[in-house]
Structure formats: C-alpha cells, structure tokens
C-alpha cells in the first residue's frame, strides 16, 4: 500500500508554518489550532475585515496576496502594503484591543485560515513563546516601515520601482518559455503609484523610460526582466 500523502490542510504540515508565529507550537497546541481554525478561499476584491471593525480574530495567509487599504478623512483609499503566504493579518488590532486601522482586501484569490479571538487568547495563555513571536512580527513590520521610508529618502523613483518589482519577483517569480525571469504584478498601476507615493502619470513616464532602456518589458501586469543584473543593481539589491 503506497504511503499516504501529508495533509497540507493540517497546521503541522502547513507549507508556510515555518515562517509564521505558530512555528514553535507543540503537537497538542497544533491539534487545538487545527480544530479552531476555519479555512476558506477569498475571491479577488473581497475583504477579510474593514477599517473601523473590531477585531474578532486573526487571519493566516496560506496562499495569495492581501492588501491593506486605508481611507482618509476625505474618503480617499490608499494601498499601504501587501502581505503574501506565511503572513498574518489583523493581529495588531486583536492584541491591542483597538479597531482595525485599515481594511484587508484580497488582491488575488487567496486561501485564508481564520482563528477566532477567544481561541487565539487560549493559545497565547498556554504558549508564552507565541506572544513573543507576535511581538517579533510587529517589530519586523515596524522595521520594514522604517526601511521603506529610508528608501523613499535615499533611492530615486526608478530604484524604488525596480526594488518593488524585485519583491514581487522574490515572492512569485518564474522563468518564462524563453527562459527569461518574469513575474506577474498582482496590483494595478494605481495601487503601484500609491505604494511608491507618486502620481500615476509619473509612474507611466518612468515605466516607459526603463522599457526604452531595455531593463524590463511590461505588458499589462506581466513583467519580463531583460537585464536582471542591472535591475538588481539599480534596485540596490546585492546577491
């Protein structure tokens, strides 16, 4: 009889658990988490929660991409950041007992595990290391905010744009049929311009320039790096 395949729906066999806050839980706590979680697929454009909602639990991203959006006092919506597989959404509001300060929207079809607030509290009480991991995640998120701000001060628009493309390439890049490094951009150009903090027309001019210079080819949301080494250099990334 052939050996059974591992159940990747089980938290113990989750392909992204090694990068999550749950990675130190023992077998008993993982079994509890298995019983407590609810897994579902969220369609593009659907929200996990809305800005101003009270936190009723946290969301583990198994696959896909989640964007955090914030609406200002004038009703303008801006994409603040994106989170991919292995990330946790909604934990800050839950741990601080404050309403969510942004909305979480699926930018592509995403598989999400939801754990209710009471179940998270139980696991935190029984596993002090879990609280430490969430603190470390919070500090890492803060570091990324500081790094992003630093890049906005020290790198020009072109470098910041290429750096963002490299982030997406690191997450889901592949070699196309011509053996060229490629990636699909999961967000619109409007969202790209918001993340970069520029106007859409400035982004369009910059994209035309890097294409004309032979660094990349961009067709709608598909990017092919025609000179990956130079793109990495200009993005300020060293291998």
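Residue numbers (this note's numbering): 747 to 985.
From the three backbone atoms N, C-alpha and C, an ideal C-beta is built for every residue, glycine too.
| request: Ignore the nearest five residues each way along the sequence and tell me which others in residue 872's own chain have a CB closer than 8 Å to its CB. | output: For the purposes of this step, residue 872 is taken as the residue at position 126 of the chain shown. Setting aside the 5 residues that flank it on each side, residue 872 is surrounded in the same chain by 775, each with a C-beta closer than 8 Å to its C-beta; the list follows chain order.
| In chain order, what residues of the same chain have a beta carbon less than 7 Å from the beta carbon of residue 960, not counting five sequence neighbours either side? | Sequence index remark: in the chain shown, residue 960 carries index 214 (1-based). Excluding sequence neighbours, residue 960 sits near 972 and 973.
| Which residue's Cα is closest to the Cα of residue 766: 881, 800 and 929? | Position 20 of the chain shown holds residue 766. Closest in alpha carbon position to residue 766, among 881, 800 and 929, is 881.
| task | Report the option in 773, 835 and 785 whose CA atom is closest to the CA atom of residue 796. | result | Working through the chain shown from its first residue, we reach residue 796 at position 50. If you compare the alpha carbons of 773, 835 and 785 with that of residue 796, the shortest gap goes to 835.
| task | Spell out a yes or no on whether the region 935 to 955 and the region 896 to 916 are touching, meaning 3 or more CB-CB pairs, one atom from each, closer than 8 Å. | result | In short, these stretches touch, since the Cβ pair count reaches three.
| query | Ends of the alpha helix (DSSP H) at residue 946? | reply | Counting from 1 along the chain shown, the entry for residue 946 is found at position 200. Start and end: 946 to 958.
| request: Report yes if the C-beta distance between residue 813 and residue 794 is below 8 Å; otherwise report no. | output: Residue numbering aside, residue 813 sits at position 67 when the chain shown is read from its first letter. Residue numbering aside, residue 794 sits at position 48 when the chain shown is read from its first letter. Not a contact, by the Cβ cut-off of 8 Å.
| query | Under a Cβ-count criterion, where at least 16 other Cβ atoms within 10 Å of its own Cβ denotes burial, should residue 752 be classed as buried or exposed? | reply | The residue labelled residue 752 in the question sits at position 6 within the chain shown. Confidence at residue 752 is low in this model, with a pLDDT of 45, below 50, so the placement of that residue is unreliable and no value is reported for it.
| Quick one: any contact between the region 883 to 898 and the region 770 to 789, if contact means 3 or more CB pairs under 8 Å? | No: the two stretches stay apart, fewer than three of their Cβ pairs being nearer than 8 Å.
| message | For residue 946 and residue 856, what's the separation of their Cα atoms in angstroms? | response | Indexing the chain shown from 1 puts residue 946 at position 200. Indexing the chain shown from 1 puts residue 856 at position 110. Whole-angstrom Cα-Cα distance: 27 Å.
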